[in-house]
Structure formats: C-alpha cells, structure tokens
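Some notes on the structure that comes next.
Residue numbers (the numbering used here): 1294 to 1624.
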C-alpha cells in the first residue's frame, strides 16, 4: 500500500522543495522501508552520495522495484536517474534511453500485430518481442529484452501484466505504456484456436476441439485477469498509461495508431500515417500471417459453457477494486 506522506515527499522532491520533502518524511513514524528509500533519493539528489548508498544498498532488487512500482505516478526523471545509477542501469557504454519508444502491452489475440505493423511502417523502427521465445505462453518478463528495447528507438510488444517488475522498468526508462484489452472469453476462444495450430516442440501435442478451450482457460485465464487488473489500476493513477480496446483498435486502425503516437510524444503526419496503413493493408492479401490478419476473427463467446465462465469469473474476486465489465460486459 502506498503511503501518502511518501507520495508527498516524492512530489516535493520533484519540484525541488527539499525542506517540504524532509518534513513529509519526518512525519512518517518509525523506520519504514519506504521512508528509507525515499530518504536515499532525497540524499542522492542533494549530492549526499555516501548516505544514499548506505540506505539503498541495504535493500534487495525486488524491494526497490516494489517501491518504484508503488510510487510510479510520483517518480520524476531525477528520481528515475537515481535508481538507474544505484541499480547499475546507468552505464556510460550503453545506448542512451529513448523515451519516445513505443511499448505495447496487449492481450494475446487483440489485433496488436496489425497495429504494430502500421506503427513500424510509419516510424521505420524495428520490432522488439519482449517475451522470450522459450516461453510458449508469451507472458514471461525478461530484463535483458526489456532494457535493450528501452535503449533503442523501438516498437516493443509483450503480453506482460503490469506487475511491479514491469511497472518499475517503465518508470526507470520513462516509458508511457499502451495497454490493449479484449473481451476475455473471445480472447480465450481465439487463444484456443491458436494453440491447436501451433507446435511448441517436443513433447508438445496440440489440443483439439473442446480440449483446446479447457487448456486455454487453464493456461491463460488468470493472466488475462491479472493483465487487465494491473494495467487498469495503474491507468487510474496516472495518465502515463494509454488504454485501448480491441474494438477501438479493429474499427479504425489509423486512429488507434495516431493515439499511440501522440501518447508517446511522436509527431503525427497524416499523409504518412495513411500510407503506412495502406501498406499494412496490402499485406493482408500478400502475406496475411505477417500481420495476423483475421486469424482470430469474431468469437461466439456467448456460447461458452456457463461453468467455464464461472471458473474464469471466480478470479475477479482477487482484484476487488477493479471493474471487469470492459472485458466481461455480461457478468
């Protein structure tokens, strides 16, 4: 849970109000972890490197990530620089950070490949897959992939939840995430189709028919719920997160691409964007698998067995403050 006094201290640090920040920290009774880390930030930005080092090095990597993720809306660029330095992420030999990189965090099977292709055609940037090929579900976090993409003018895409590791990295590298969601049952049906025609290597046997949906629910239902809950929670705290639905994405790809470009601070030249959309559209005929065009399509998710829907909806109770109606309007 976030401490409002820590938030107040970080906001004061961000605008150079050192005395006010110190007072907010003094108001925190006892020696809490968050107080110590915020004090280290204040000391480091004041040039008191020895004190900052003594405080921050007493905590492990995960603790720092949890702090950064908790106070993401209050982290200013100087605080991010402080953490990059003390977490050994600021190295003179590395490429500089490109804060206009595009990072998409879409539900699997939400039309993101097509949108990604339009953005790549428009920007001329390379595509980065944020999830290792050795993880068939495509949902695991990889520091090396994420950090490399953040230091490259890239279009990065990964089916990652907004867990502390991912949010912390976004804060550290100045990333403005784009989250794309879809009806959870349509997503599960589409994923079930996907795994029936995908070979992950020995000794994998693709499921078929009704078995495929059962496997999709077992493998992906919690991840979809977690993705939606974590990104929507963060979006409620900061405008740094752009939320798009599958329908907004599918109904007007060009407008969706424009919203993404503006969100990360890239200029929009309408003629060039229209041309990028046309070139992407041409791929639907010449090489449709390159853009995953209509490989999922509309899903008759209303016909899913009610017991399966109840199984998925039971997961919502794990996130009691989240409204799941955008991905499950029939609940």
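C-beta: ideal position from N, C-alpha, C; glycine also.
Bear in mind the structure is a predicted one, so any value in this text is a computation, not a measurement.
Residues of its chain near residue i, where Cβ-Cβ distance is below 6 angstroms and the 5 sequence neighbours each way are ignored
i	result
residue 1313	1305
residue 1605	1514
residue 1375	1334 and 1337
residue 1295	1363
residue 1413	1420 and 1448
residue 1345	1333, 1336 and 1337
residue 1536	1472 and 1528
For residue i, the three-state DSSP class (helix, strand or coil)
i	result
residue 1399	strand
residue 1562	coil
residue 1571	helix
residue 1315	helix
residue 1553	helix
residue 1577	helix
residue 1518	helix
residue 1624	coil
residue 1360	helix
residue 1409	helix
residue 1594	helix
residue 1544	helix
residue 1271	In the structure as shown, the chain starts at 1294 and stops at 1624, and residue 1271 therefore has no counterpart that could be examined.
residue 1339	coil
Buried/exposed call for residue i, threshold 16 Cβ in 10 Å
i	result
residue 1462	buried
residue 1590	At residue 1590, the pLDDT of 46 sits below 50, so the modelled position is not reliable and the matter cannot be decided from this model.
residue 1557	buried
residue 1331	buried
residue 1614	exposed
residue 1471	buried
residue 1496	exposed
residue 1599	exposed
residue 1607	exposed
residue 1555	exposed
residue 1349	buried
residue 1474	buried
residue 1579	exposed
residue 1622	exposed
Residue i and residue j closer than 9 angstroms at C-beta
i	j	result
residue 1539	residue 1403	yes
residue 1405	residue 1445	no
residue 1408	residue 1550	yes
residue 1324	residue 1301	no
residue 1400	residue 1480	yes
residue 1511	residue 1611	no
Identified DSSP bridge partners for residue i
i	result
residue 1472	1398 and 1536
residue 1420	1448
Other residues of its chain near residue i: CB distance less than 7 angstroms, five sequence neighbours each side excluded
i	result
residue 1320	1298
residue 1546	1407, 1408, 1411 and 1570
Close Cβ partners of residue i (< 8 angstroms) along its chain, the five nearest in sequence each way excluded
i	result
residue 1440	1382, 1462 and 1466
residue 1339	1311
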